[in-house]
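Once you know that position 230 of the sequence shown is 247 in the numbering used here, the rest is easy, because the numbers rise by one and skip nothing. Just so you know, even glycine gets a beta-carbon here, dropped at the ideal spot from N, CA and C. Okay, so here's the structure we're looking at.
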Amino acid sequence: MSQNEPAFAELDAVAEHYAACSGQRRRQRVGAASVGWGLLGASQVAQQHTIPAIRTQPPALQADDQAGAWVAALFSHNERLAHRFADQNQIPTVCLNLSDLLARRDVQCVYVSSHPRHHHALVMAALTAGKHVLCEPPLALTVDEAHTLVQTAADRGLLLGVNFVARTTPALWMLRQLIRQDALGDVLGGLVSNVALLPPHRQTWRLLPGGGGVIYDRTLHSFDLLRFLFDGEVASVFGAAGLTVLGQSGAARVEEEVVGQAQLARHGCQILLHDAFFIAHRPARVELNGTHAGVTVEHWSGGERQATLALHRHERTTALAVPVIDPFWWAIHRFQRALAGDRLPATGEDSLPSLAAANALHKSIRTKVPVWLAAPV
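Below, the structure written as structure tokens:
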């Protein structure tokens with residue numbers, strides 16, 4: 018990065034910390050200072066991302082000879098799946114009853130990654146049992162249910178985080194800083210594309226009503242990304258459903274593709290949206306156009322590839338160096354720091370406007386008219 022480009026010293030420090038932790042050759046011993054995590058759901062995202070993120074956290078703050086975090090137990094209704102998952106991931110305890118896991122004193126935090134229709138009940142049970150919660154989006158399927166969870170966590174003095182990992186993706190963190198530093202000038206508009214090919218083993222509940230569909234699985238993240246980047250709300254949404262390729266038509270149909278637009282309340286500009294389950298050959302992409310510069314982020318939505326960031330000025334493109342940090346590792350790290358008083362990347366309350374926007378998009382698709390959430394500033 019040249020001296021004319023903005024510096025990101027805070028992110029570089031996190032990257033150094035991550036490199037040191039991810040390079041650990043063996044796990045540290047679990048002790049009284051180690052934070053115990055319980056997993057609610059034997060999910061692919063837990064296996065591929067969250068379990069490694071927990072196990073590579075830095076040593077405990079109170080005792081540097083002890084692991085900072087460990088996976089203490091797993092809950093799943095499916096006994097066969099639960100035991101296979103636990104064996105594959107070296108999880109010492111399997112609980113087939115939720116109450117058994119929530120009663121464990123060695124579990125201080127729970128990670129919820131079940132079917133979306135179960136999230137409200139699982140999170141409420143965990144909060145009622147006095148556990149801190151990190152939940153994969155959506156927190157619930159309605160804003161009222163999600164608000165009840167937010168209030169319950171506040172009443173009990175517990176952390177309630179929603180794992181919008183775009184907020185802990187380095188390239189997007191850098192983009193947010195560019196916007197804050199006015200590197201783009203006035204933002205005139207842009208595109209958020211969150212497309213991928215849904216592999217066969219994930220074509221289960223995602224293609225069924227009651228929490229499935231691309232809006233809860235992908236567009237919800239796009240709305241939160243806009244709120245994160247611009248520190249503001251979405252004023253209105255308008256959209257249409259696209260093709261049905263993988264699932265059923267008729268009454269059992271869910272949106273596999275949506276094309277729409279979101280108007281930002283404070284900036285007033287329109288951001289185009291395109292999310293789909295069946296597009297294999299294009300990366301998830303963010304494009305923003307400003308009066309001073311444009312910017313492109315590719316590979317921003319999960320996957321194995323590191324997101325890239327490019328700045329466009331006067332027909333010249335500059336690729337910015339993006340530090341290597343696993344977004345899930347950073348999310349768990351910040352959650353554990355929040356146990357000591359730091360702020361979460363995304364709280365339960367942070368998730369409410371994005372959930373409202375997602376449900377408004379459902380309504381817009383059904384009614385074929387824009388739906389307003391907030392008046393432009």
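Query	Result
Where does Ser19 sit, in a helix, a strand or coil, going by DSSP?	The predicted position of Ser19 is uncertain, since its pLDDT is 43 and thus under 50; a value taken from the coordinates is nonetheless stated next. Reduced to three states, the DSSP call for Ser19 is coil.
Less than 8 angstroms separating the beta-carbons of Val179 and Asp367?	yes
State whether the region 246–256 contacts the region 336–344, with contact taken as three or more CB pairs (one from each stretch) at a distance under 8 angstroms.	no
By the three-class DSSP mapping on this structure, what secondary structure does Phe295 have?	strand
Do Trp317 and Val339 count as a contact pair if the criterion is CB distance below 8 angstroms?	no
Please report how far the alpha carbon of Ser39 lies from the alpha carbon of Cys126, in whole angstroms.	21 angstroms
For the putative contact between Gln45 and Pro69, defined by C-beta atoms under 8 angstroms, what is the C-beta separation to the nearest angstrom?	Going by Cβ atoms, the distance from Gln45 to Pro69 rounds to 15 angstroms, so no, they are not a contact pair.
Under 6 angstroms Cβ to Cβ from Leu151, same chain only, skipping five residues before and after it: list those, please.	Tyr128, Gly178, Asn180 and Phe352
Taking the alpha helix (DSSP H) that Ser381 falls in, what are its first and last residues?	Gly365 to Thr384
Which of the three DSSP states, helix, strand or coil, is assigned to Arg270?	coil
Mapping the DSSP letters down to three states, classify Glu304 as helix, strand or coil.	strand
If we count the other Cβ atoms within 10 Å of its Cβ and call it buried at 16 or more, is Glu274 buried or exposed?	buried
Whole beta strand (DSSP E) runs in the region 200–252 with 3 or more residues, listed along the chain?	204–212
Excluding five sequence neighbours on each side, which residues of the same chain lie with their C-beta closer than 6 angstroms to the C-beta of Ile296?	Val212
Quick check on the DSSP output: the beta strand (DSSP E) that includes Ala286 runs from which residue to which?	Before going on, a small fix: residue 286 reads as Cys here, not Ala. Careful: Cys286 lies outside any beta strand (DSSP E) and carries neither H nor E.
Looking at C-alpha atoms only, which residue of Gln198, Leu56 and Thr165 is the closest neighbour of Phe2?	The structure shown has nothing for residue 2, since the chain only spans 18 to 394.
Excluding the five sequence neighbours on either side, which residues of its own chain have a C-beta within less than 8 angstroms of the C-beta of Gln64, listed in chain order?	Phe102, Gln105 and Asn106
Please classify Gln79: is it buried, with 16 or more other beta-carbons within 10 angstroms of its beta-carbon, or exposed?	exposed
In whole angstroms, what is the alpha-carbon distance linking Met18 and Ala327?	A caution first: Met18 carries a pLDDT of 41, below 50, which makes its placement in the model unreliable, though a value can still be read off. Approximately 11 angstroms between the Cα atoms of the pair.
Taking DSSP as the reference, what is the three-state secondary structure of Trp346?	helix
To which residues does DSSP link Leu326 through a beta bridge?	Val314 and Leu337
Below 7 angstroms CB to CB, which residues in the same chain sit around His238 once its five sequence neighbours on both sides are set aside?	Pro154, Phe181, Ala183, Asn211 and Ser318
Who are the Cβ neighbours of Arg235 in its own chain at under 6 angstroms, not counting the five residues just before and after it?	Asn211 and Asp292
Nearest-angstrom Cα distance between Val231 and Leu119?	31 angstroms
Could you tell me which of Cys286, Phe245 and Pro300 sits nearest to Asn306, measuring between CA atoms?	Cys286
Expressed to the nearest angstrom, what Euclidean distance is found between the alpha-carbon atoms of Val312 and Thr335?	9 angstroms
For the putative contact between His309 and Ala200, defined by C-beta atoms under 8 angstroms, what is the C-beta separation to the nearest angstrom?	7 angstroms
Quick one: what's got a C-beta closer than 7 angstroms to Ala99's C-beta in the same chain, skipping five residues either side?	Ala59, Leu91, Ser93, Val111 and Leu113
Among Leu337, Gly365, Lys385 and His34, which residue has its Cα nearest to the Cα of Gly277?	Lys385
Under DSSP, the alpha helix (DSSP H) around Val140 begins and ends at which residues?	Pro133 to Thr145
Can you check DSSP and say which residues form a bridge with Arg128?	According to the sequence as given, residue 128 is Tyr; it is not Arg. Note: Tyr128 sits in a beta bridge opposite Leu56 and Leu151.
Is it buried or exposed for Ser130, if we count other Cβ within 10 angstroms and need 16 for buried?	buried
Counting contacts by CB-CB distance shorter than 8 angstroms, is Val160 in contact with chain D?	Considering every chain present, this structure includes no chain D. It has just one protein chain.
Quick check: what's the CA-CA separation for Leu156 versus Asp81?	34 angstroms
Hey, Leu243 and Ile196 are a contact pair by Cβ (cut 8 angstroms); roughly how many whole angstroms apart?	That pair is no contact at about 11 angstroms.
Thinking just about the alpha-carbon of each residue, which of Ser116, Ala163, Arg134 and Leu205 is nearest to the one in Ala146?	Ser116
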